[in-house]
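Below: one structure, written as structure tokens.
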């Protein structure tokens, strides 16, 4: 692991990934989606097994994941269209619309929670004068909802700029989303910024490519994929405070 000394006097901003960095991911939305889709299909005379539903959701995820890795933006409609190719025949345009609405409803209605010590860490970073941003790859949940969750969890006030892929038009590790976010924060020199995220391929590689200091957070999920390690690896968010204190 590479280590770079960190001095709050030399740094101007910290940016954060969203999922598994600020907010925990959960399987509850998938469980809710299964229930809603089963109800819709049965109400429309289409019998479906749980295995068929699981295959459908896997197909939808694989469609998104392939596009995500190739930096091709995906829409909810296209993810649902991919998913229903694994369902029985007879799905009309109206049924497809119902399934799409239910897919989003399942995600939006799932309670969300901050990962441990996020709010305390953000508060400390603001107290020492740092600007804070979000750099997030958006899946099937629009950025408007992602913002509202931060508001619901009483941490939106800490953020000075949000860089969402559905608004900027690219996914991490594309430098455009990092540079656009830093510009939104009023930062001219990436080397004076720290990026915190959980994934090596997107967060670490993308931030490092523009010369940001990289921090990989493992408290939500420890990325199993191969890739270059971050400058610092932390399990608890408050450890980033120690990076400043130790210099």
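Numbering (my numbering), first residue to last: 32 to 278.
Glycine residues also receive a C-beta, built at the ideal position from the N, C-alpha and C atoms.
Starting from residue i, trace the beta strand (DSSP E) both ways and give me its first and last residue.
i           : result
residue 245 : 244 to 248
residue 64  : No beta strand (DSSP E) contains residue 64, which is instead part of the alpha helix (DSSP H) from 59 to 74.
Helix, strand or coil: which one does DSSP assign to residue i?
i           : result
residue 33  : Because the pLDDT at residue 33 is just 39, under 50, the model does not fix this residue reliably, and the point stays unresolved.
residue 162 : strand
residue 44  : strand
residue 202 : coil
residue 208 : helix
residue 226 : strand
residue 194 : strand
residue 54  : strand
residue 145 : strand
residue 275 : helix
residue 119 : coil
residue 259 : coil
Would you grab the beta carbon distance between residue i and residue j for me? Rounded to a whole angstrom, and I think it's under 8 angstroms.
i           : j           : result
residue 247 : residue 234 : 7 angstroms
residue 230 : residue 254 : 5 angstroms
residue 133 : residue 64  : 7 angstroms
residue 67  : residue 107 : Incorrect: roughly 14 angstroms between the Cβ atoms, too far for contact.
residue 75  : residue 126 : 5 angstroms
residue 53  : residue 149 : 6 angstroms
residue 51  : residue 252 : 4 angstroms
residue 155 : residue 272 : 5 angstroms
residue 151 : residue 71  : The pair is not a contact, with the Cβ atoms about 42 angstroms apart (cut-off 8 angstroms).
Residue i and residue j: beta carbons closer than 8 angstroms?
i           : j           : result
residue 147 : residue 228 : no
residue 212 : residue 194 : yes
residue 93  : residue 202 : no
residue 166 : residue 153 : no
residue 13  : residue 44  : What is shown of the chain runs 32 to 278, which leaves residue 13 out entirely.
residue 264 : residue 171 : no
residue 237 : residue 205 : yes
residue 262 : residue 245 : yes
residue 55  : residue 90  : no
residue 225 : residue 42  : yes
residue 174 : residue 198 : yes
Would you give the residue range spanned by the alpha helix (DSSP H) that residue i belongs to?
i           : result
residue 264 : Looking at the DSSP string, residue 264 is not in any alpha helix (DSSP H); the run it does join, the beta strand (DSSP E), is 263 to 265.
residue 179 : 174 to 183
residue 98  : 81 to 100
residue 216 : Element bounds for residue 216: n/a, residue is neither H nor E.
residue 77  : Where residue 77 is concerned, there is no enclosing alpha helix (DSSP H), given that its DSSP letter is neither H nor E.
residue 134 : 124 to 139
residue 109 : 107 to 114
residue 237 : 236 to 240
Q.
For the region 173 to 189 against the region 216 to 228, do three or more pairs of beta-carbon atoms, one drawn from each stretch, fall closer than 8 angstroms, so that the two count as touching?
A. Cβ pair count under 8 angstroms is below three, so no.
**Q.** Given 8 angstroms, three or more beta-carbon pairs between the region 134 to 149 and the region 60 to 70
**A.** yes
Q. Using 8 angstroms as the Cβ pair cut-off and three pairs as the minimum, do the region 74 to 90 and the region 117 to 132 touch?
A. yes
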